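Numbering (full-length UniProt numbering), first residue to last: 1 to 215.
Put into structure tokens, the structure is as follows:
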């Protein structure tokens with residue numbers, strides 16, 4: 001029976017047992033022999049890389065591993081070969097806080113990948129359905145927020161609120177309710193003046209004319 005399902009005397013007996021345990025400092029916790037025979041249930045699994053030429057480099061960054069092999073073993077990047085210089089692996093750690101992280105390798109990548117969902121698999125059907133619904137609600141909310149942000153609602157917080165000619169030319173009413181990504185192609189200009197110097201000069205002159213006329 002999972003601990004969170006225990007009640008009354010059973011729960012109290014379990015708590016009393018845990019109270020007798022002496023917790024080790026994170027730095028003194030013994031890691032499993034590497035590679036571990038299987039991923040440990042409840043611990044998240046990560047894709048990583050390990051050096052085949054020594055046991056001192058275990059990292060989630062391929063670039064960091066390549067730098068290690070180059071500096072520690074004098075192998076240039078072009079000389080490094082997967083399987084002889086380095087290999088991919090799956091790792092776990094007992095602690096999530098950065099200062100306490102110490103990775104260890106788990107043996108079977110398939111088991112490790114399955115173990116990453118161990119906490120979900122251990123849930124009863126009601127809990128699993130609840131979290132599934134939460135994920136679906138979050139996805140819908142994110143999609144709705146993205147769609148809402150793509151629609152022009154007004155210019156009260158836009159620069160047109162203080163630049164009068166943008167309001168007086170009717171731009172606010174003309175663009176209200178339109179989708180931003182559909183509008184973009186009609187007004188997008190090059191990012192730098194160097195690419196279209198004449199166009200940027202015309203835009204600056206027009207801005208000065210409108211500002212002077214409607215200010």
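Backbone N, C-alpha and C define an ideal beta-carbon position, used for all residues, glycine too.
Quick caveat: nothing in here was measured; it's all calculated off a predicted structure.
query: Note down, in chain order, each residue of its chain lying with its Cβ closer than 8 Å to the Cβ of residue 197, except the 5 sequence neighbours on either side.; result: none
query: How big is the Cα-Cα spacing for residue 177 and residue 206?; result: 26 Å
query: Given 8 Å as the limit, is there contact between the segment 86 to 102 and the segment 25 to 32, that is, 3 or more CB pairs closer than that?; result: yes
query: Which word fits residue 49, buried or exposed, when buried means at least 16 other C-beta atoms lie within 10 angstroms of its C-beta?; result: buried
query: For residue 192, is the classification buried or exposed, using 16 other Cβ atoms within 10 angstroms of its Cβ as the cut-off for buried?; result: exposed
query: For residue 81, which residues from the same chain have a beta carbon less than 7 Å from its beta carbon, with the 5 sequence-adjacent residues on both sides left out?; result: none
query: Starting from residue 91, follow its DSSP beta bridges and name the residues at the other end.; result: 46 and 105
query: With distances taken between CB atoms, is the gap from residue 53 to residue 66 smaller than 8 Å?; result: no
query: Cα separation between residue 84 and residue 57?; result: 14 Å
query: Just verifying my parser: in three-state terms, what is the DSSP assignment at residue 211?; result: helix
query: Quickly, what does DSSP pair residue 82 with across the bridge? List them, please.; result: 86
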